[in-house]
Every structure is written in structure tokens, then in C-alpha cells.
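The structure appears right after this line, and notes come after that.
Residue numbers (the numbering used here): -11 to 155.
Structure (C-alpha cells):
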């Protein structure tokens, strides 16, 4: 009987609040600058907007700037999967097309676990896998993984088993 791979998905709730706050911060700055420009154009009678209309435009930009990137990130994360097979690791994004990256455990040279303050509350984090491959493929990043220390430990066990098997 063939053993199925371990399948993980990013923790979307862990990504939600930091993404919303970051987008809110940048959108507030952009909306304030936009409102200031519109206000200046109104004062110099270059455009015939009212101040209330320019506030509405800035608010719409703020809302779009907060929610559109967040919805996009949630969509990407909900269609991302991580598979741990006996001898390799696969990341996969499926939508109209499939983007798959595979790394044999024998190519993994370093694993970094990145856990922010927010991640500690959510018991999640990112795992960055450095490979012996050239720089074309880059690092493999497993985003928003529940219990990343446990997954890191499992990865090292799989690497160790793979190395013992090759001896």
C-alpha cells in the first residue's frame, strides 16, 4: 500500500491581520496624500471638486487599497499546497495553471524558521528552505505554516532518513 504524502496549507487566519494592518497603513498614507493634492487643486480652483467629494474619493481609494491586496493574498494562499513525500518536498499553486516547485531532501542545505510576534500568538510561522541549487530557483518559502518548529524537526528527520538510506 502506497503511503500518501503529508499535505499542508498556509494558515490564512495567520496572514489576515498583519496583511490588513500593513495595507491599512500604506493606504492611509496614499489616501492622505491624494486628499492633500485634491484639496490643493480645489483651493487653487484648478478642479471643481468639493471637499466632501475629494474625501469620498480618498475613502474609496483607502478601502480598495486595504481590501483588494488582502483578498488577493487570501486567494493565493487558499490555492497553495505543500506536500512532503518520502524523498522530496513540493510546493504547488493551482488556479488556471499549475505552478509546482520540487526539492529533493538531498538538496536541502539549510532551514530557517521565521516566527513573528503575531505568529507566536497564532502558533504559526514561515519556513525558509535553502537548497544547493543555483540561484535561479532561489529559496523555497513555506508561508504561514501551523507549528513550524514541528515541521522543521520533521524535515530534518526526513533529510536524515534520506541520508542514511543513501549510505
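Even glycine gets a Cβ: it sits at the ideal position worked out from N, Cα and C.
**Request:** Give the secondary structure of residue 2 by DSSP, where H, G and I count as helix, E and B as strand, and everything else as coil.
**Result:** The residue labelled residue 2 in the question sits at position 14 within the chain shown. Helix at residue 2.
**Message:** Between the alpha carbons of residue 91 and residue 57, how many angstroms are there, rounded?
**Reply:** Residue 91 sits at position 103 when you count from the first residue of the chain shown. Residue 57 sits at position 69 when you count from the first residue of the chain shown. Cα to Cα, residue 91 sits roughly 29 Å from residue 57.
**Message:** Which same chain residues end up closer than 6 Å to residue 68 when comparing Cβ atoms and leaving out the 5 residues on each side of it in sequence?
**Reply:** Translated into positions along the chain shown, residue 68 becomes position 80. The residues are -2, 81.
**Prompt:** Helix, strand or coil: how does DSSP classify residue 119 here?
**Reply:** Working through the chain shown from its first residue, we reach residue 119 at position 131. If DSSP states are grouped into helix, strand and coil, residue 119 belongs with the strands.
**Request:** Count the C-beta pairs between the stretch 98 to 105 and the stretch 131 to 143 that are closer than 8 Å, then say yes if the count reaches three, no if not.
**Result:** yes
**Message:** Could you tell me the alpha carbon to alpha carbon distance between residue 13 and residue 113, rounded to whole angstroms?
**Reply:** Here the question's residue 13 lines up with position 25 in the chain shown. Here the question's residue 113 lines up with position 125 in the chain shown. A direct Cα-to-Cα measurement between residue 13 and residue 113 gives close to 22 Å.
**Item:** Nearest neighbour of residue 64, chosen from 75, 138, 86, 76 [CA to CA]
**Value:** Sequence index remark: in the chain shown, residue 64 carries index 76 (1-based). When only C-alpha atoms are compared, the closest one is 86.
**Prompt:** Taking three-plus beta-carbon pairs below 8 Å as touching, is the stretch 43 to 59 in contact with the stretch 0 to 17?
**Reply:** Three or more beta-carbon pairs separated by less than 8 Å link the stretch 43 to 59 to the stretch 0 to 17, which places the two stretches in contact.
**Burial state of residue 93 (16 or more Cβ within 10 Å)** = Numbered from its first residue, the chain shown carries residue 93 at position 105. Classification of residue 93: buried, given that the 10 Å Cβ count is 16 or more.
**Request:** Mind checking who residue 114 pairs with in its DSSP beta bridge?
**Result:** Residue 114 sits at position 126 when you count from the first residue of the chain shown. Under DSSP, residue 114 forms a beta bridge with 102.
**Prompt:** Taking Cβ positions only, does residue 126 come closer than 8 Å to chain B?
**Reply:** Looking at the structure shown, chain B is missing, and only one protein chain is on hand.
**Residues of its chain near residue 70, where Cβ-Cβ distance is below 6 Å and the 5 sequence neighbours each way are ignored** = Residue 70 sits at position 82 when you count from the first residue of the chain shown. Cβ neighbours of residue 70 beyond the five flanking positions: -4, 79, 130.
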